[in-house]
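Trainee:
Protein chains in written order, with the numbering used here: chain A, 1 to 360; chain B, 1 to 612.
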């Protein structure tokens with residue numbers, strides 16, 4: 001382990017490409033939000049100023065994460081996991097907001113934000129899985145820990161995040177040398193469990209109605225979001241004076257922000273944004289091949305899958321292929337928790353780059 | 001062991017999925033672009049505003065005098081009406097609401113609105129409403145407020161009425177657009193923002209309601225007006241007007257008048273009546289054009305208490321009374337209020353400016369020897385003319401010549417009283433400058449020489465170009481009795497504006513009250529009208545006024561009353577336009593109101609004595 005000099009931009013050798021990518025995504029998000037606001041006053045209620053503040057704090061979070069060496073991280077994972085599960089249990093004792101126990105309201109201590117712990121617990125879950133999978137053999141108790149984590153998010157209730165983590169977990173097991181047969185069996189068990197919960201009506205009415213709405217093909221926000229994307233055309237409306245009236249899409253600045261982005265920047269804009277992500281994936285994939293440390297391979301691929309599946313679920317939702325899930329688009333959607341958790345992911349990846357001496 | 005091949009497989013799956021997504025997006029943004037634009041064009045968001053319930057109005061005893069009732073109104077969502085279902089909706093409406101004519105029903109279906117009003121459902125059974133809603137999804141029931149003025153005409157001019165806002169009102173009152181109603185006059189207008197409430201809003205996307213905001217009701221208003229006093233005031237004034245019609249041969253029918261009761265201590269308005277009046281509820285249900293024109297011709301929409309401009313006549317003499325005692329300006333040769341002049345019924349002046357030379361008192365045989373008290377008691381003009389002459393001789397054509405006008409303005413004449421009602425008029429206190437202005441702006445109305453001594457002679461007895469409103473007169477008397485010119489108000493929570501403060505001594509106030517008492521007492525101009533009260537007149541005061549009008553118009557009848565000398569609580573001002581002598585008509589009207597205020601037995605308004 002090389003001793004690294006500490007600089008303002010994190011420890012010596014921050015990967016410029018990762019940093020640039022993070023900042024570029026943030027700026028794209030600002031431009032997208034700018035198109036949906038009426039004034040640019042600096043207030044805590046103004047979504048653009050909120051997002052800019054969140055992005056800047058996210059940058060700090062990114063560097064702070066970078067200071068944590070992979071070795072120290074590896075040793076802290078179990079503590080993190082226990083902390084994460086405790087925080088999720090703590091949510092059960094909060095008052096529900098909009099009918100669900102998903103957020104900690106920081107208003108009483110003077111911060112005008114809500115913290116969504118599941119945003120961070122999904123990273124810790126990936127870390128946890130990376131650690132247990134990279135060990136020669138893993139105990140059943142570890143698998144049980146994963147299940148408890150999922151269950152706690154499921155009963156918030158947060159069906160979207162549960163499905164996301166289920167898919168990420170499956171992929172990560174799939175990546176290890178697990179026999180395909182047991183993988184399939186494990187998945188089947190999961191689905192069985194899911195339907196048992198469904199029967200026991202653990203799933204709220206509104207979730208059922210979302211699913212019913214979806215299959216009857218008349219979910220209003222998804223129809224509107226398809227219209228919004230379509231109205232962008234090839235080049236978008238941001239730089240042209242479009243005669244087309246604004247399309248109303250609910251929650252257009254958070255979950256449905258890609259439809260706002262597509263309307264503003266058109267197909268070319270969408271292609272550009274997704275290409276940036278593909279480029280990012282290729283970069284990270286190179287390290288996965290390069291590094292000899294088993295844990296780093298699992299960690300990076302797990303984080304990539306986490307980001308990738310989030311993007312897919314988000315896109316499939318706003319295009320109306322799957323029911324509403326409430327999964328934000330990383331770094332594009334408005335919201336502090338999502339930005340900070342993605343900043344942590346970028347920070348972790350950056351640290352792996354640093355330790356493998358890849359700077360650009 | 002990490003399986004690199006399976007990772008590759010995962011990534012390949014990702015790319016296939018991504019390609020699929022990109023293809024879908026590409027299709028949306030290219031081949032479907034045109035049809036999307038058409039759909040969006042039909043998707044414009046539309047708002048439908050729901051009128052907020054207005055705040056209610058209560059009188060001094062907490063009795064409700066204007067209320068807001070919520071009544072269910074049936075609307076039809078026109079965006080859900082198609083060629084196929086319009087026939088069945090027509091049938092349903094015909095069947096359930098036989099009162100609607102075929103033409104009215106056809107008009108409903110020709111509407112270009114999103115939501116078209118069908119009918120008020122308040123008299124329709126609940127089951128029918130429920131059936132309409134559950135079986136026909138284009139129907140919508142919205143509770144809308146209906147304004148009801150419980151006392152009908154009684155508060156027509158104070159509360160005012162509502163109407164559909166015009167362009168100016170959209171700009172002035174922020175909630176006027178959404179409520180589609182605005183206070184047109186009276187308190188409804190003055191407190192529009194306070195009473196109106198914030199309209200609710202339904203947001204439509206196509207035919208669907210995607211957002212709704214409940215209306216926020218307006219705040220309630222609590223008045224200092226007492227309904228029973230208001231009623232007695234109105235009855236008495238009406239009796240006075242009828243009496244004047246019976247007693248005088250006037251060219252015009254006498255029908256206009258105003259009466260105000262003002263609380264001396266607080267400046268609150270206890271009653272305010274203007275006649276003729278109208279029923280403000282007619283504006284709620286829609287007033288016919290004919291009826292409106294009729295009322296308008298009678299000037300029924302004017303609140304004469306604050307908009308009627310009349311020369312005050314002798315009630316104005318208290319200004320000179322106050323000036324005389326404050327400045328020690330008495331008729332020439334006198335130096336205190338108890339010295340007397342000999343009133344021979346007329347006065348000749350040696351004006352060298354072309355003014356009238358001989359002035360005749362209303363009482364041709366004269367009042368004999370009069371001091372200041374007698375001059376008020378008998379309303380002797382000669383005494384006050386002597387004061388005017390003294391002012392003119394001493395100050396004429398100097399800076400001090402407008403001393404009488406300055407004293408008038410101190411009492412609030414020609415200024416707003418700042419009553420909490422809209423469209424208050426201020427009247428005129430003429431002086432040299434005004435006459436110079438008029439020579440340019442209103443040529444022909446003043447003579448070429450401008451302001452002359454004779455004009456001051458006229459002004460001091462409240463005649464000539466001077467005009468005042470009844471409320472100004474009430475407020476001026478109140479100011480003399482308290483030293484503070486406060487804005488008279490109707491809303492008990494209104495912020496009081498101090499218009500002015502004057503210096504009046506306790507001694508002056510008791511002099512004034514005592515001298516006002518002589519008017520209603522034996523030998524006073526109002527004695528005949530008050531004699532029915534017997535020895536109770538010893539504790540009542542007032543001042544009569546009879547102002548001459550130009551042309552054929554009969555005199556304006558004035559009376560300013562004080563309900564008590566020992567414990568004065570209220571000022572009562574009554575004006576009957578073309579009512580003739582103040583002591584004959586307005587004095588008995590005020591007397592009846594005082595009877596009510598002092599809780600004496602009410603007696604009818606009867607003709608008094610013709611004096612000034």
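Even for Gly, the Cβ is constructed at its ideal location relative to N, Cα and C.
A quick note: this is a predicted structure, and the numbers were derived from the prediction, not measured.
Of all the beta strand (DSSP E) runs that stay within the bounds of the segment 545-588 of chain B, which reach a length of 3 or more residues?
Mentor: If we require 3 residues or more, the beta strand (DSSP E) runs fully inside the segment 545-588 of chain B come out as 556-562 and 570-576.
Trainee: Strictly below 7 Å CB to CB, what residues from chain A border residue 24 (chain B)?
Mentor: 319
Trainee: Report the start-end ranges of each alpha helix (DSSP H) in the segment 95-125 of chain B that is 4 residues or longer and not cut off at the edges.
Mentor: Here the runs fully enclosed are 102-109.
Trainee: Does the beta carbon of residue 29 (chain B) sit closer than 7 Å to a beta carbon anywhere in chain A?
Mentor: yes
Trainee: Counting only C-beta atoms, is residue 177 (chain A) closer than 7 Å to chain B at any point?
Mentor: Interface annotation, residue 177 (chain A): in contact with chain B, CB-CB separation under 7 Å.
Trainee: From residue 210 (chain B) to residue 224 (chain A), what distance separates their C-alpha atoms?
Mentor: 12 Å
Trainee: Between the Cα of residue 316 (chain B) and the Cα atoms of B:380, B:565, B:358 and B:146, which residue gives the shortest distance?
Mentor: B:380
Trainee: Which residues, in order along the segment 340-355 of chain A, keep a beta-carbon less than 9 Å from a beta-carbon of chain B?
Mentor: Within the segment 340-355 of chain A, no residue has a Cβ that lies closer than 9 Å to any Cβ of chain B.
Trainee: When the Cα of residue 308 (chain B) is compared with those of B:573, B:216 and B:30, which residue comes out closest?
Mentor: B:573
Trainee: Determine contact between the segment 338-345 of chain A and the segment 117-125 of chain A, defined as no fewer than three beta-carbon pairs at a distance below 8 Å.
Mentor: The segment 338-345 of chain A vs the segment 117-125 of chain A: in contact.
Trainee: Using a Cβ-Cβ distance under 7 Å, would residue 232 (chain A) count as near chain B?
Mentor: So, interface residue.
Trainee: Output the boundary residues of the beta strand (DSSP E) element that contains residue 262 (chain B).
Mentor: 257-263
Trainee: Assuming residue 10 (chain B) and residue 305 (chain A) are in contact, meaning their beta carbons sit under 8 Å apart, how far apart are those beta carbons, in whole angstroms?
Mentor: Yes, they are in contact, since the Cβ atoms of residue 10 (chain B) and residue 305 (chain A) sit about 7 Å apart, within 8 Å.
Trainee: Going by other Cβ atoms of all chains shown within 10 Å of its Cβ, with 16 needed for buried, is residue 25 (chain A) buried or exposed?
Mentor: buried
Trainee: Return no unless some Cβ of chain A is closer than 7 Å to the Cβ of residue 14 (chain B).
Mentor: yes
Trainee: In three-state DSSP terms, what is residue 147 (chain B)?
Mentor: Here residue 147 (chain B) sits in strand by DSSP.
Trainee: Specify whether the segment 399-407 of chain B and the segment 317-327 of chain B touch according to this definition: at least 3 beta carbon pairs, one from each stretch, less than 8 Å apart.
Mentor: yes
Trainee: Check whether chain A comes within 7 Å of residue 3 (chain B), counting only Cβ atoms and requiring the distance to be less than that.
Mentor: yes
Trainee: From residue 217 (chain B) to residue 180 (chain B), what does the alpha carbon distance come to, in whole angstroms?
Mentor: Cα to Cα, the separation comes out at about 15 Å.
Trainee: Residues in the same chain with beta-carbon distance under 6 Å from residue 298 (chain A), minus the five sequence neighbours each way, listed in chain order, please.
Mentor: 130, 133 and 134
Trainee: What does the Cβ neighbour count give for residue 95 (chain B), buried or exposed, with the cut at 16 atoms within 10 Å?
Mentor: exposed
Trainee: On a CA-only basis, which of B:466, B:362 and B:342 is nearest residue 369 (chain B)? Give me that one, please.
Mentor: For residue 369 (chain B), the closest C-alpha among the options B:466, B:362 and B:342 is that of B:342.
Trainee: Starting from the C-beta of residue 530 (chain B), find all residues in its chain whose C-beta is less than 6 Å away, skip the five residues before and the five after it, and write them out in chain order.
Mentor: 520, 537 and 591
Trainee: Determine, using beta carbons only, whether residue 100 (chain A) comes closer than 7 Å to chain B.
Mentor: No, its Cβ sits nowhere closer than 7 Å to a Cβ of chain B.
Trainee: My understanding is that residue 345 (chain B) touches residue 365 (chain B), with C-beta atoms under 8 Å, so please give their C-beta distance in whole angstroms.
Mentor: 6 Å
Trainee: Would residue 634 (chain B) be called buried (16 or more neighbouring beta carbons within 10 Å of its own) or exposed?
Mentor: This structure leaves residue 634 (chain B) out entirely; chain B is present only between 1 and 612.
Trainee: Distance check for residue 227 (chain B) and residue 60 (chain B), CA to CA, integer angstroms please.
Mentor: 8 Å
Trainee: Measure from the C-beta of residue 129 (chain A) to each C-beta in chain B and report whether the shortest distance is under 7 Å.
Mentor: no
Trainee: For residue 243 (chain A), collect the residues of the same chain with a Cβ closer than 6 Å to its Cβ; drop the 5 residues on either side in sequence, then sort them by chain order.
Mentor: Reliability fails at residue 243 (chain A), whose pLDDT of 48 lies under 50, so the model's placement of it is uncertain and no value is given.
Trainee: Rounding to the nearest angstrom, what Cα-Cα distance links residue 49 (chain B) and residue 554 (chain B) in this structure?
Mentor: Roughly 52 Å between the two C-alpha positions.
Trainee: Go to residue 77 (chain B), then tell me how far its beta strand (DSSP E) extends in each direction, as first and last residue.
Mentor: 64-77
Trainee: Give the secondary structure of residue 449 (chain B) by DSSP, where H, G and I count as helix, E and B as strand, and everything else as coil.
Mentor: coil
Trainee: Which residues share a DSSP beta bridge with residue 543 (chain B)?
Mentor: B:560
Trainee: Can you look up residue 272 (chain B) in the DSSP assignment and give me helix, strand or coil?
Mentor: strand
Trainee: Please report how far the alpha carbon of residue 1 (chain A) lies from the alpha carbon of residue 354 (chain A), in whole angstroms.
Mentor: Here the model assigns residue 1 (chain A) a pLDDT of 47, short of 50, so the residue's position is not dependable, and the following value carries that caveat. In a straight line, the C-alpha of residue 1 (chain A) is about 11 Å away from that of residue 354 (chain A).
Trainee: Apply the 10 Å Cβ neighbour rule to residue 192 (chain A) and answer buried if 16 or more other Cβ atoms are within range, or exposed otherwise.
Mentor: Counting the other CB atoms within 10 Å of its CB gives residue 192 (chain A) a total below 16, which places it among the exposed residues.
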